[in-house]
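1 is the number of the first residue of the sequence shown in full-length UniProt numbering; add one for each residue after it.
In this text, a Cβ means the ideal position worked out from N, Cα and C, and glycines have one as well.
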Amino acid sequence: MPMRPVAIRKPFNQVRAVPRMSWAVENVFNTWQRTATQSPKARETDFSKSPKTIYQQRFLAKRLTKGYHGDHIGARAFERWYLPDSLPLITHGDQSGASTGEISKWVEGRQRAGGRTAHERKVEQMEKDGRTPVGTMMFTETERRLDVVIFRACFAPSVWTARSYVLGGHVKLNGKVVRNANTLMNPGDLFSINPNVIQMLQRPKASKKQAKAKATEEATEEAAEVTEAQAAEETAEAAEAEVAAVAAEASAPPPAPTSTDTRVTASGSHVTVDTSVFDAMDPSDPSYFKLPDYAQALLFVPAYILPSYLTCSGVYVRHPTARPGYSEIASPYDADGNLMSLSWEWYQRVAPRMRPNRRQRLMDPQRSQDRK
């Protein structure tokens, strides 16, 4: 079943308050609603004291995470093609020593049955913060999509706009025009966008009413300039005649004309201003750039993308990864929080299964037929 258009679905509904991959003002507010601790919407995802059942918690978590990371992908295609079979296992340090320490705390009586001290709680929190958040790694395949990479590189104000770039044939991948937004990027791939379609580089087009008003204003200004020019000519002729008369009487040559503008300040002193710099400015400067309002709160470039804004191109350097306390896949939610865990539990129970060999064959970029 095809997805409904974005305008009909109303993705920025403030009641649902689902963050999206967009710089829209409404999305900034919805992101605040879901992330700020003082927001009632943020307290809905605090499942420590929630009356919701496990099924309701998993469904809500799935709806929020899918709304951000895969809103532009159909539910069936997302579950079938973009979810891994398992999350990566990232280990650090000597595991044998960790196992020995885990056992010794019971043997030596280090774990008490009573309450813990503040120091023990602090140490445990530091160990928890040092874990590698792998929850967002379930969206690795989604981050490899061409339209998502264009949005992450800040060439488009939303992932839907980036998708329209690709479908319109305005994007080249390794020198060839690509019209499939589902294309998965590989390390080292070079993509470029036609600068004529990037909205931030285009001057806003005036409406018919504004164009008519501007034409009327220009005509009025031209008429005023003609009138001023005629008055200036008459004044200049009178001044020349007066200067000639004075020069004849004083037997002195008239002063040489200059190309500068002499003005009198408030203190009475004369200041000479060179107007040639202002006359040389070109009003039709092609270096136009207008960032959307309130987009600064959502501007960032991941570490695995290297964009070049002078050439409107970028390089997909490598696949996103994670390290202790940090995940390279951006998300408005905690990378190792309850939402990611519950979302993974939902997809493990609901998502369709497929053999790895068939998945790899159908996910091949050189396939002759598009997957369904």
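Exposure label - residue i; buried when at least 16 CB within 10 Å
{"i": "phenylalanine 191", "result": "buried"}
{"i": "proline 40", "result": "exposed"}
{"i": "residue 413", "result": "For residue 413 there is no data in the structure shown, the boundaries of the chain being 1 and 372."}
{"i": "valine 18", "result": "buried"}
{"i": "tryptophan 344", "result": "buried"}
{"i": "arginine 323", "result": "exposed"}
{"i": "asparagine 30", "result": "buried"}
{"i": "tyrosine 326", "result": "exposed"}
{"i": "glutamate 242", "result": "exposed"}
{"i": "phenylalanine 300", "result": "exposed"}
{"i": "arginine 131", "result": "exposed"}
{"i": "valine 226", "result": "exposed"}
{"i": "glutamate 328", "result": "buried"}
{"i": "alanine 219", "result": "exposed"}
{"i": "arginine 203", "result": "exposed"}
Residue i vs residue j beta-carbon contact at 8 Å
{"i": "tyrosine 316", "j": "valine 171", "result": "no"}
{"i": "histidine 72", "j": "valine 159", "result": "yes"}
{"i": "leucine 342", "j": "glutamine 38", "result": "no"}
{"i": "tyrosine 68", "j": "proline 332", "result": "yes"}
{"i": "valine 25", "j": "tyrosine 294", "result": "yes"}
{"i": "proline 84", "j": "threonine 140", "result": "yes"}
{"i": "phenylalanine 59", "j": "tryptophan 346", "result": "yes"}
{"i": "tyrosine 82", "j": "threonine 161", "result": "no"}
Same chain only: Cβ atoms within 7 Å of residue i, ignoring 5 sequence neighbours per side
{"i": "lysine 290", "result": "Met200"}
{"i": "alanine 75", "result": "none"}
Closest by C-alpha distance to residue i, when choosing among the options
{"i": "serine 86", "options": "Phe78, Asp71 and Val134", "result": "Val134"}
{"i": "residue 373", "options": "Lys52, Thr321 and Tyr304", "result": "The first residue shown for the chain is 1 and the last is 372, placing residue 373 beyond what the model contains."}
{"i": "valine 15", "options": "Ser22, Leu342, Asn27 and Trp23", "result": "Asn27"}
{"i": "threonine 302", "options": "Leu83, His319 and Ser287", "result": "It is worth fixing the name first, because residue 302 is proline in this sequence and not threonine. Nearest C-alpha to proline 302: His319."}
{"i": "alanine 156", "options": "Arg131, Leu298 and Ala215", "result": "Leu298"}
{"i": "methionine 185", "options": "Tyr304, Ala244 and Phe59", "result": "Tyr304"}
{"i": "glutamine 348", "options": "Ala295, Arg80 and Phe300", "result": "Arg80"}
{"i": "arginine 43", "options": "Leu339, Trp346, Ser343 and Glu345", "result": "Leu339"}
{"i": "serine 164", "options": "Arg152, Ala75 and Asn180", "result": "Asn180"}
{"i": "aspartate 334", "options": "Asp46, Phe12 and Ala24", "result": "Asp46"}
{"i": "alanine 330", "options": "Arg76, Ala153, Lys49 and Asn13", "result": "Ala153"}
{"i": "leucine 89", "options": "Ala223, Thr220, Lys49 and Met138", "result": "Met138"}
Spatial neighbours of residue i in its chain, beta-carbon cut-off 6 Å, leaving aside the 5 residues before and after
{"i": "lysine 10", "result": "none"}
{"i": "threonine 183", "result": "Leu146"}
{"i": "phenylalanine 78", "result": "Gly70"}
{"i": "valine 350", "result": "none"}
{"i": "serine 22", "result": "Ser158"}
{"i": "alanine 231", "result": "none"}
beta-carbon residue i near the ligand SAM non-hydrogen atom, thresh 7 Å
{"i": "threonine 35", "result": "Absent from the structure shown: the ligand SAM. Ligands present: none."}
Close Cβ partners of residue i (< 8 Å) along its chain, the five nearest in sequence each way excluded
{"i": "aspartate 189", "result": "Leu173, Asn174, Val315 and Tyr316"}
{"i": "glycine 268", "result": "Caution is warranted here: a pLDDT of 48 is assigned to glycine 268, below 50, making its placement in the model unreliable, and the coordinate value is therefore given only provisionally. Here the set comprises nothing."}
{"i": "lysine 52", "result": "Leu60"}
Next on the checklist: Taking contact to mean 3 or more Cβ pairs, one atom from each stretch, closer than 8 Å, check whether the region 301-319 and the region 190-198 are in contact.
Outcome noted: With the cut-off at 8 Å, the region 301-319 and the region 190-198 touch.
_I'd like to know if the region 16-35 and the region 52-71 are in contact, where contact means that at least 3 CB-CB pairs between them fall below 8 Å._
Taking a cut-off of 8 Å for Cβ pairs, the region 16-35 and the region 52-71 touch, as three or more such pairs fall below it.
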